[in-house]
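When you line the sequence shown up against the numbering used here, it's residues 265 to 623, in that order. Each residue gets a CB set at the ideal place from its N, CA and C atoms; glycine is no exception. Please read the structure below before turning to the comments.
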Amino acid sequence: MQTIIEPRRGWFGRLGQALTSPFQPEDYLALINPVASAREIRARVTAVHRETGQAVSLTLHPNRLWPGFQAGQHVMLGIDVNGARQWRCFSLSSAPQSGSLTITVKCHRAGGVTEHLLERARPGDVVTLSEPAGEFLLPARIPDRLLFLTAGSGITPVHSIARYLKNTSFAGQVEWLHFDRRYEDVILLASLRELGRHSQLNARVVLGHQAPLPGDEQGRFDAALLTALVPDAAERQVYACGPAGFLDAVSEWHRAEGRAPLLHERFQPLTRNAGNGGRIRFSGSDLDTEAGGDESLLEAAERSGLNPAHGCRMGICHTCRCSVRGSVRDLQTGESRTVDNQLVRLCVHAAEGDVEVAL
(Lines of atoms letter the chains of each structure in order from A; the text may use other names.)
(Lines give C-alpha, C1' and ligand atoms only; values in the text may rest on other atoms or scores of the structure.)
Protein backbone atom coordinates (compact mmCIF):
# COMPACT_ATOMS: atom_id res chain seq x y z
CA MET A 265 0.00 0.00 0.00
CA GLN A 266 1.32 3.41 -0.91
CA THR A 267 0.35 6.98 -1.53
CA ILE A 268 1.21 8.20 -5.01
CA ILE A 269 2.14 11.84 -5.55
CA GLU A 270 2.86 13.25 -9.00
CA PRO A 271 3.27 16.83 -10.26
CA ARG A 272 0.58 18.23 -12.54
CA ARG A 273 0.75 20.80 -15.29
CA GLY A 274 0.26 24.38 -14.05
CA TRP A 275 -2.32 26.90 -15.19
CA PHE A 276 0.18 28.75 -17.42
CA GLY A 277 0.56 25.70 -19.65
CA ARG A 278 -3.18 25.29 -19.93
CA LEU A 279 -3.56 28.97 -20.82
CA GLY A 280 -0.98 28.75 -23.57
CA GLN A 281 -2.64 25.71 -25.09
CA ALA A 282 -6.11 27.22 -25.13
CA LEU A 283 -5.70 30.90 -26.03
CA THR A 284 -7.09 30.39 -29.53
CA SER A 285 -10.27 28.57 -28.37
CA PRO A 286 -13.69 30.28 -27.96
CA PHE A 287 -14.46 30.29 -24.22
CA GLN A 288 -17.34 31.01 -21.92
CA PRO A 289 -16.64 32.98 -18.69
CA GLU A 290 -16.60 29.71 -16.76
CA ASP A 291 -13.82 28.43 -19.02
CA TYR A 292 -11.54 31.39 -18.31
CA LEU A 293 -11.98 30.79 -14.59
CA ALA A 294 -11.03 27.13 -15.07
CA LEU A 295 -7.79 28.12 -16.83
CA ILE A 296 -6.52 29.69 -13.63
CA ASN A 297 -7.94 27.08 -11.29
CA PRO A 298 -9.64 23.98 -12.79
CA VAL A 299 -11.48 23.33 -9.53
CA ALA A 300 -13.02 26.81 -9.48
CA SER A 301 -16.57 26.96 -10.79
CA ALA A 302 -19.66 29.06 -10.32
CA ARG A 303 -22.04 26.23 -11.18
CA GLU A 304 -20.36 22.82 -10.62
CA ILE A 305 -19.06 21.02 -7.57
CA ARG A 306 -15.52 20.11 -8.54
CA ALA A 307 -12.80 18.49 -6.49
CA ARG A 308 -9.07 17.98 -6.83
CA VAL A 309 -7.57 14.57 -6.09
CA THR A 310 -4.99 15.17 -3.36
CA ALA A 311 -3.96 11.56 -2.64
CA VAL A 312 -4.34 8.12 -4.21
CA HIS A 313 -4.01 5.15 -1.86
CA ARG A 314 -3.93 1.59 -3.19
CA GLU A 315 -6.10 -0.56 -0.92
CA THR A 316 -5.80 -3.86 -2.83
CA GLY A 317 -4.96 -4.89 -6.36
CA GLN A 318 -8.55 -4.08 -7.32
CA ALA A 319 -9.40 -1.14 -5.07
CA VAL A 320 -8.20 2.42 -4.54
CA SER A 321 -9.10 5.26 -2.17
CA LEU A 322 -9.12 8.80 -3.54
CA THR A 323 -8.86 11.77 -1.19
CA LEU A 324 -10.66 14.77 -2.67
CA HIS A 325 -10.59 18.48 -1.83
CA PRO A 326 -13.84 20.04 -3.13
CA ASN A 327 -14.52 23.63 -4.10
CA ARG A 328 -16.69 26.07 -2.17
CA LEU A 329 -19.93 24.72 -3.68
CA TRP A 330 -19.59 21.45 -1.77
CA PRO A 331 -22.36 21.48 0.89
CA GLY A 332 -20.87 18.83 3.19
CA PHE A 333 -22.31 15.38 3.80
CA GLN A 334 -23.60 12.98 6.42
CA ALA A 335 -21.93 9.69 7.27
CA GLY A 336 -23.35 6.91 5.08
CA GLN A 337 -24.21 9.05 2.04
CA HIS A 338 -23.06 8.65 -1.56
CA VAL A 339 -22.20 10.97 -4.46
CA MET A 340 -22.16 10.85 -8.22
CA LEU A 341 -18.60 11.29 -9.52
CA GLY A 342 -18.03 12.51 -13.06
CA ILE A 343 -14.82 12.06 -15.03
CA ASP A 344 -13.89 12.35 -18.69
CA VAL A 345 -13.08 8.95 -20.23
CA ASN A 346 -12.05 8.88 -23.89
CA GLY A 347 -13.44 12.37 -24.38
CA ALA A 348 -16.86 11.68 -22.88
CA ARG A 349 -18.14 12.62 -19.41
CA GLN A 350 -19.16 9.52 -17.47
CA TRP A 351 -20.85 9.37 -14.08
CA ARG A 352 -20.85 6.66 -11.44
CA CYS A 353 -22.24 6.43 -7.92
CA PHE A 354 -19.80 5.93 -5.00
CA SER A 355 -20.27 5.90 -1.24
CA LEU A 356 -18.16 8.30 0.77
CA SER A 357 -15.81 6.29 2.98
CA SER A 358 -14.50 9.15 5.17
CA ALA A 359 -16.07 10.81 8.18
CA PRO A 360 -17.84 14.13 7.50
CA GLN A 361 -15.87 16.05 10.15
CA SER A 362 -12.68 16.19 8.07
CA GLY A 363 -12.01 19.03 5.63
CA SER A 364 -11.52 16.66 2.69
CA LEU A 365 -13.52 13.61 1.64
CA THR A 366 -12.65 10.13 0.46
CA ILE A 367 -14.23 7.65 -1.92
CA THR A 368 -13.05 4.06 -2.12
CA VAL A 369 -13.47 2.41 -5.51
CA LYS A 370 -13.45 -1.33 -6.14
CA CYS A 371 -13.13 -2.44 -9.76
CA HIS A 372 -15.34 -5.44 -10.55
CA ARG A 373 -14.92 -5.58 -14.33
CA ALA A 374 -12.71 -4.19 -17.08
CA GLY A 375 -13.63 -0.92 -18.72
CA GLY A 376 -15.48 2.16 -17.60
CA VAL A 377 -15.08 4.54 -14.70
CA THR A 378 -13.91 2.16 -11.97
CA GLU A 379 -11.05 0.75 -14.04
CA HIS A 380 -10.05 4.26 -15.10
CA LEU A 381 -9.88 5.42 -11.48
CA LEU A 382 -8.02 2.29 -10.40
CA GLU A 383 -5.38 2.49 -13.11
CA ARG A 384 -5.07 6.17 -13.95
CA ALA A 385 -6.18 8.40 -11.08
CA ARG A 386 -3.37 10.68 -9.89
CA PRO A 387 -3.02 13.57 -7.43
CA GLY A 388 -3.92 16.78 -9.21
CA ASP A 389 -6.74 15.25 -11.26
CA VAL A 390 -10.02 17.17 -11.19
CA VAL A 391 -13.38 15.42 -10.93
CA THR A 392 -16.98 16.64 -10.81
CA LEU A 393 -19.32 15.74 -7.96
CA SER A 394 -23.04 15.78 -7.37
CA GLU A 395 -24.50 16.88 -4.08
CA PRO A 396 -24.46 14.02 -1.53
CA ALA A 397 -27.57 11.89 -1.26
CA GLY A 398 -28.87 8.76 0.43
CA GLU A 399 -30.88 7.68 3.46
CA PHE A 400 -28.39 5.15 4.88
CA LEU A 401 -27.95 7.39 7.91
CA LEU A 402 -27.75 7.27 11.67
CA PRO A 403 -30.88 8.52 13.45
CA ALA A 404 -30.84 11.75 15.44
CA ARG A 405 -30.89 9.66 18.62
CA ILE A 406 -28.32 6.92 18.13
CA PRO A 407 -29.10 3.59 19.89
CA ASP A 408 -26.68 2.40 22.55
CA ARG A 409 -26.07 -0.92 20.77
CA LEU A 410 -25.42 -1.15 17.04
CA LEU A 411 -24.62 -4.06 14.72
CA PHE A 412 -22.87 -3.44 11.39
CA LEU A 413 -22.91 -6.26 8.80
CA THR A 414 -21.00 -5.67 5.57
CA ALA A 415 -19.56 -7.64 2.67
CA GLY A 416 -17.26 -6.68 -0.19
CA SER A 417 -17.45 -3.01 -1.15
CA GLY A 418 -20.41 -2.64 1.23
CA ILE A 419 -17.78 -1.72 3.79
CA THR A 420 -17.45 1.84 2.46
CA PRO A 421 -20.55 3.68 3.82
CA VAL A 422 -20.36 1.81 7.13
CA HIS A 423 -16.70 2.81 7.42
CA SER A 424 -17.85 6.44 7.16
CA ILE A 425 -20.41 5.86 9.91
CA ALA A 426 -17.89 4.09 12.15
CA ARG A 427 -15.38 6.90 11.70
CA TYR A 428 -18.05 9.42 12.60
CA LEU A 429 -18.92 7.52 15.79
CA LYS A 430 -15.27 7.32 16.78
CA ASN A 431 -14.64 11.01 16.12
CA THR A 432 -17.70 12.06 18.13
CA SER A 433 -16.77 9.88 21.13
CA PHE A 434 -19.85 7.68 20.82
CA ALA A 435 -20.60 6.23 24.25
CA GLY A 436 -22.54 3.19 23.03
CA GLN A 437 -21.18 -0.13 21.78
CA VAL A 438 -20.75 -1.31 18.17
CA GLU A 439 -20.26 -4.85 16.85
CA TRP A 440 -19.07 -4.88 13.23
CA LEU A 441 -18.65 -8.07 11.20
CA HIS A 442 -17.25 -7.73 7.70
CA PHE A 443 -17.50 -10.77 5.43
CA ASP A 444 -15.03 -11.38 2.61
CA ARG A 445 -13.22 -14.23 0.88
CA ARG A 446 -9.62 -13.43 1.78
CA TYR A 447 -7.72 -10.78 3.69
CA GLU A 448 -6.26 -9.73 0.34
CA ASP A 449 -9.77 -8.78 -0.81
CA VAL A 450 -10.67 -6.60 2.18
CA ILE A 451 -10.61 -2.91 1.34
CA LEU A 452 -9.90 -0.36 4.11
CA LEU A 453 -8.38 -3.23 6.12
CA ALA A 454 -5.78 -1.13 7.95
CA SER A 455 -8.44 1.35 9.00
CA LEU A 456 -10.80 -1.45 10.03
CA ARG A 457 -8.12 -2.91 12.30
CA GLU A 458 -7.43 0.51 13.79
CA LEU A 459 -11.12 1.05 14.45
CA GLY A 460 -11.29 -2.38 16.08
CA ARG A 461 -8.83 -1.19 18.74
CA HIS A 462 -11.29 1.49 19.87
CA SER A 463 -12.97 0.55 23.14
CA GLN A 464 -16.50 1.05 21.77
CA LEU A 465 -15.98 -0.44 18.28
CA ASN A 466 -15.45 -4.19 18.04
CA ALA A 467 -14.67 -4.62 14.33
CA ARG A 468 -13.82 -8.07 12.97
CA VAL A 469 -13.28 -9.64 9.56
CA VAL A 470 -15.00 -12.98 8.87
CA LEU A 471 -13.31 -14.93 6.09
CA GLY A 472 -14.96 -17.61 4.01
CA HIS A 473 -13.22 -20.58 5.65
CA GLN A 474 -14.45 -19.43 9.07
CA ALA A 475 -18.13 -19.79 8.14
CA PRO A 476 -19.63 -23.27 8.74
CA LEU A 477 -20.94 -23.73 5.22
CA PRO A 478 -20.78 -26.81 2.94
CA GLY A 479 -18.75 -26.84 -0.24
CA ASP A 480 -16.49 -24.00 -1.25
CA GLU A 481 -18.73 -21.02 -0.49
CA GLN A 482 -16.60 -18.12 0.69
CA GLY A 483 -17.25 -14.97 2.62
CA ARG A 484 -20.98 -15.68 3.02
CA PHE A 485 -23.18 -14.51 5.85
CA ASP A 486 -24.13 -17.28 8.29
CA ALA A 487 -26.76 -16.82 10.99
CA ALA A 488 -25.29 -19.44 13.31
CA LEU A 489 -21.86 -17.83 13.14
CA LEU A 490 -23.40 -14.41 13.79
CA THR A 491 -25.14 -15.66 16.93
CA ALA A 492 -21.91 -17.28 18.14
CA LEU A 493 -19.86 -14.12 17.61
CA VAL A 494 -22.51 -11.60 18.73
CA PRO A 495 -24.89 -13.32 21.20
CA ASP A 496 -27.15 -10.26 21.49
CA ALA A 497 -27.24 -9.60 17.71
CA ALA A 498 -31.04 -9.86 17.54
CA GLU A 499 -31.41 -7.03 20.07
CA ARG A 500 -29.23 -4.54 18.18
CA GLN A 501 -30.21 -2.02 15.51
CA VAL A 502 -28.64 -3.36 12.32
CA TYR A 503 -26.92 -1.53 9.47
CA ALA A 504 -26.14 -3.86 6.56
CA CYS A 505 -24.55 -3.13 3.20
CA GLY A 506 -23.22 -5.37 0.45
CA PRO A 507 -24.17 -7.52 -2.54
CA ALA A 508 -27.76 -8.59 -3.09
CA GLY A 509 -27.25 -12.22 -2.03
CA PHE A 510 -25.58 -11.17 1.20
CA LEU A 511 -28.38 -8.75 2.04
CA ASP A 512 -31.03 -11.34 1.23
CA ALA A 513 -29.43 -13.66 3.81
CA VAL A 514 -29.20 -10.86 6.39
CA SER A 515 -32.85 -9.91 5.78
CA GLU A 516 -33.97 -13.53 6.19
CA TRP A 517 -32.16 -13.77 9.53
CA HIS A 518 -33.60 -10.45 10.66
CA ARG A 519 -37.17 -11.43 9.78
CA ALA A 520 -36.77 -14.54 11.93
CA GLU A 521 -34.73 -13.13 14.82
CA GLY A 522 -34.40 -9.34 14.73
CA ARG A 523 -36.20 -7.21 17.28
CA ALA A 524 -34.76 -3.81 16.35
CA PRO A 525 -34.80 -1.95 12.99
CA LEU A 526 -32.73 -3.11 10.01
CA LEU A 527 -31.39 -0.47 7.63
CA HIS A 528 -29.71 -1.74 4.50
CA GLU A 529 -28.23 -0.50 1.24
CA ARG A 530 -27.72 -2.72 -1.79
CA PHE A 531 -24.70 -2.45 -4.07
CA GLN A 532 -26.10 -4.72 -6.78
CA PRO A 533 -29.42 -4.63 -8.60
CA LEU A 534 -32.17 -6.95 -7.49
CA THR A 535 -33.24 -9.92 -9.58
CA ARG A 536 -35.28 -8.53 -12.46
CA ASN A 537 -39.03 -8.97 -12.39
CA ALA A 538 -39.60 -9.20 -16.13
CA GLY A 539 -42.92 -8.40 -17.78
CA ASN A 540 -44.39 -8.33 -21.27
CA GLY A 541 -42.18 -5.73 -22.92
CA GLY A 542 -43.47 -3.38 -25.57
CA ARG A 543 -42.71 -0.77 -28.16
CA ILE A 544 -40.63 2.25 -27.10
CA ARG A 545 -40.62 5.56 -28.95
CA PHE A 546 -37.84 8.03 -28.19
CA SER A 547 -39.68 11.25 -28.97
CA GLY A 548 -36.69 13.59 -29.15
CA SER A 549 -34.79 11.36 -31.57
CA ASP A 550 -37.59 9.99 -33.76
CA LEU A 551 -36.52 6.42 -33.00
CA ASP A 552 -38.63 3.36 -32.26
CA THR A 553 -37.67 -0.06 -30.95
CA GLU A 554 -39.23 -3.23 -29.60
CA ALA A 555 -37.99 -4.18 -26.13
CA GLY A 556 -38.28 -7.38 -24.13
CA GLY A 557 -39.82 -7.49 -20.69
CA ASP A 558 -36.45 -7.73 -18.93
CA GLU A 559 -34.72 -4.94 -20.88
CA SER A 560 -34.63 -1.63 -19.06
CA LEU A 561 -35.56 1.59 -20.81
CA LEU A 562 -31.94 2.70 -20.38
CA GLU A 563 -30.60 -0.44 -22.08
CA ALA A 564 -33.12 -0.06 -24.91
CA ALA A 565 -32.04 3.54 -25.42
CA GLU A 566 -28.36 2.57 -25.52
CA ARG A 567 -29.10 -0.28 -27.94
CA SER A 568 -30.82 2.27 -30.18
CA GLY A 569 -27.67 4.40 -30.31
CA LEU A 570 -28.68 6.95 -27.67
CA ASN A 571 -26.53 7.95 -24.71
CA PRO A 572 -28.81 9.10 -21.87
CA ALA A 573 -27.29 10.41 -18.67
CA HIS A 574 -26.91 7.64 -16.12
CA GLY A 575 -24.84 6.64 -13.13
CA CYS A 576 -25.34 3.67 -10.83
CA ARG A 577 -27.60 1.57 -13.13
CA MET A 578 -29.36 0.19 -10.04
CA GLY A 579 -31.97 2.81 -9.20
CA ILE A 580 -30.03 4.61 -6.44
CA CYS A 581 -28.65 7.82 -7.92
CA HIS A 582 -31.67 9.00 -10.01
CA THR A 583 -29.31 10.43 -12.68
CA CYS A 584 -31.19 8.64 -15.48
CA ARG A 585 -34.63 10.03 -14.60
CA CYS A 586 -36.51 11.09 -17.70
CA SER A 587 -40.06 12.05 -18.65
CA VAL A 588 -42.02 8.95 -19.72
CA ARG A 589 -45.56 8.35 -20.97
CA GLY A 590 -47.21 4.92 -21.15
CA SER A 591 -47.15 1.63 -19.25
CA VAL A 592 -43.95 0.67 -17.42
CA ARG A 593 -42.86 -2.10 -15.05
CA ASP A 594 -40.53 -1.60 -12.09
CA LEU A 595 -37.91 -4.32 -12.61
CA GLN A 596 -37.06 -4.34 -8.90
CA THR A 597 -40.53 -4.76 -7.45
CA GLY A 598 -42.46 -6.14 -10.43
CA GLU A 599 -45.08 -3.38 -10.06
CA SER A 600 -46.71 -2.13 -13.28
CA ARG A 601 -48.23 1.31 -13.63
CA THR A 602 -49.27 3.89 -16.21
CA VAL A 603 -47.44 7.22 -16.21
CA ASP A 604 -48.20 10.45 -18.07
CA ASN A 605 -45.11 12.60 -18.59
CA GLN A 606 -43.72 11.61 -15.19
CA LEU A 607 -40.04 11.32 -14.28
CA VAL A 608 -39.04 7.64 -14.32
CA ARG A 609 -35.68 6.00 -13.53
CA LEU A 610 -34.79 4.46 -16.88
CA CYS A 611 -32.34 1.93 -15.44
CA VAL A 612 -34.90 0.04 -13.33
CA HIS A 613 -38.04 0.33 -15.48
CA ALA A 614 -39.06 -1.60 -18.57
CA ALA A 615 -41.81 -1.15 -21.13
CA GLU A 616 -45.09 -2.88 -20.32
CA GLY A 617 -46.84 -1.94 -23.56
CA ASP A 618 -46.40 1.19 -25.65
CA VAL A 619 -44.07 3.76 -24.07
CA GLU A 620 -42.82 7.18 -25.12
CA VAL A 621 -39.52 8.40 -23.63
CA ALA A 622 -38.43 12.04 -23.94
CA LEU A 623 -34.97 11.37 -25.36
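Bridge partners for His442 per DSSP, in chain order? Residue numbering aside, residue 442 sits at position 178 when the sequence shown is read from its first letter. DSSP output for His442 lists Thr414 and Val469 as bridge partner(s).
Could you name the residues of the same chain whose beta carbon sits closer than 7 Å to that of His462, not counting the 5 residues immediately before and after it, in chain order? Walking along the sequence shown from the start, residue 462 turns up at place 198. The residues are Lys430.
Pro495 classed as buried or exposed, judged by whether at least 16 other C-beta atoms fall within 10 angstroms: The residue labelled residue 495 in the question sits at position 231 within the sequence shown. Label assigned to Pro495: exposed.
Name the residue from Gly575, Pro326, Ala615 and Glu304 whose alpha carbon lies nearest to the alpha carbon of Ala552. Numbered from its first residue, the sequence shown carries residue 552 at position 288. It should be noted that the sequence gives Asp, not Ala, for residue 552. The candidate whose alpha carbon is nearest that of Asp552 is Ala615.
Neighbourhood of Leu401 by C-beta, 6 Å cutoff - its chain only, sequence neighbours within 5 removed: Counting from one through the sequence shown, the residue named residue 401 turns up at place 137. Excluding positions up to five away in sequence, the list reads Gln334 and Gly336.
Taking Leu623 as the reference, which of Arg519, Leu465, Ala573 and His442 has the closest Cα? Position 359 of the sequence shown holds residue 623. Selected option, being the one with the closest Cα: Ala573.
Could you compute how far the alpha carbon of Arg589 sits from the alpha carbon of Gly557? In the sequence shown, residue 589 corresponds to position 325, counting from 1. In the sequence shown, residue 557 corresponds to position 293, counting from 1. Those two C-alpha atoms are separated by around 17 Å.
Do Gly579 and Val612 have their CB atoms nearer than 7 Å? Working through the sequence shown from its first residue, we reach residue 579 at position 315. Working through the sequence shown from its first residue, we reach residue 612 at position 348. Yes, Cβ-Cβ distance for Gly579 and Val612 is below 7 Å.
Is it right to say Gly376 is buried, meaning 16 or more other beta carbons lie within 10 angstroms of its own, or is it exposed? Here residue 376 is taken as the residue at index 112 of the sequence shown, counted from 1. With fewer than 16 other Cβ atoms from the protein chains shown falling within 10 Å of its own Cβ, Gly376 counts as exposed.
So does Asn537 have its beta carbon nearer than 6 Å to some heavy atom of the ligand HEM? No copy of the ligand HEM occurs in the structure displayed, which carries no ligand at all.
Taking the alpha helix (DSSP H) that Trp517 falls in, what are its first and last residues? Residue mapping note: residue 517 aligns to position 253 of the sequence shown, counting from 1. For Trp517, the enclosing alpha helix (DSSP H) stretches over residues Ala508 to Glu521.
Return the first residue and the last residue of the alpha helix (DSSP H) that His462 is part of. Here residue 462 corresponds to residue number 198 of the sequence shown, with the count starting at 1. Looking at the DSSP string, His462 is not in any alpha helix (DSSP H), and its letter there is neither H nor E.
So, helix, strand or coil for Glu599, using DSSP? Taking the sequence shown and counting its residues from 1, the one referred to as residue 599 is at position 335. If DSSP states are grouped into helix, strand and coil, Glu599 belongs with coil.
Is the beta carbon of Cys505 closer than 7 Å to that of Val422? Taking the first residue of the sequence shown as 1, we reach residue 422 at position 158. Taking the first residue of the sequence shown as 1, we reach residue 505 at position 241. A contact, by the Cβ cut-off of 7 Å.
Expected contact under 8 Å - CB spacing of Thr392 and Ile305 to nearest Å: For the purposes of this step, residue 392 is taken as residue 128 along the sequence shown, with counting starting at 1. For the purposes of this step, residue 305 is taken as residue 41 along the sequence shown, with counting starting at 1. Yes, they are in contact, since the Cβ atoms of Thr392 and Ile305 sit about 7 Å apart, within 8 Å.
From the DSSP output, which residues share a beta bridge with Pro326? One-based indexing of the sequence shown puts residue 326 at position 62. Ala307.
Helix, strand or coil, according to DSSP, for Thr583 in the structure here? What you label residue 583 is simply residue 319 of the sequence shown in a count that begins at 1. If DSSP states are grouped into helix, strand and coil, Thr583 belongs with coil.
Pairs of beta-carbons, one from the stretch 516 to 525 and one from the stretch 597 to 607, closer than 8 Å: are there three or more? no
Spatial neighbours of Ala538 within its chain, please: CB distance less than 6 Å, with the 5 preceding and 5 following residues excluded, ordered by chain position. Numbered from its first residue, the sequence shown carries residue 538 at position 274. Same-chain partners within the cutoff: Gly557 and Asp558.
Strictly by DSSP, which residues pair up with Phe546? In the sequence shown, residue 546 corresponds to position 282, counting from 1. Note: Phe546 sits in a beta bridge opposite Leu551 and Val621.
In chain order, what residues of the same chain lie with their CB nearer than 7 Å to the CB of Thr491, ignoring the 5 residues before and after it? In the sequence shown, residue 491 corresponds to position 227, counting from 1. Listed in chain order, the non-local C-beta contacts of Thr491 below 7 Å within the same chain comprise Ala497, local neighbours out to five positions each way being set aside.
Compare the Cα-Cα distances from Ala300 to each of Gln318, Trp330 and Ser321 and report the closest residue. What you label residue 300 is simply residue 36 of the sequence shown in a count that begins at 1. Cα-wise, what sits closest to Ala300 is Trp330.
Between the CA atoms of Pro298 and Ile451 - distance to the nearest angstrom: Residue numbering aside, residue 451 sits at position 187 when the sequence shown is read from its first letter. Residue numbering aside, residue 298 sits at position 34 when the sequence shown is read from its first letter. Straight-line Cα distance between these residues: approximately 30 Å.
Integer-rounded CB distance, given that Pro507 should sit under 8 Å from Ala415: Residue mapping note: residue 415 aligns to position 151 of the sequence shown, counting from 1. Residue mapping note: residue 507 aligns to position 243 of the sequence shown, counting from 1. Confirmed, Cβ separation roughly 6 Å.
Contact defined as beta carbons within less than 8 Å: I believe Glu439 pairs with Arg500. What is the distance between those atoms, to the nearest angstrom? As a first step, residue 439 must be located in the sequence shown, where it is residue number 175. As a first step, residue 500 must be located in the sequence shown, where it is residue number 236. Yes, they are in contact, since the Cβ atoms of Glu439 and Arg500 sit about 7 Å apart, within 8 Å.
At what residues does the alpha helix (DSSP H) containing Gly376 begin and finish? Counted from its first residue, the sequence shown places residue 376 at position 112. If you look at Gly376, you'll find it in the alpha helix (DSSP H) that goes Gly376 to Arg384.
Given a threshold of 16 other Cβ atoms within 10 Å of its Cβ, counted over all protein chains shown, does Asp389 qualify as buried or as exposed? One-based indexing of the sequence shown puts residue 389 at position 125. With 16 or more other Cβ atoms within 10 Å, it is buried.
Shortest alpha-carbon distance to Arg660 belongs to which of Cys353, Gly418 and Leu607? Residue numbering for the chain in the displayed model covers 265 to 623; residue 660 lies beyond these limits and cannot be assessed.
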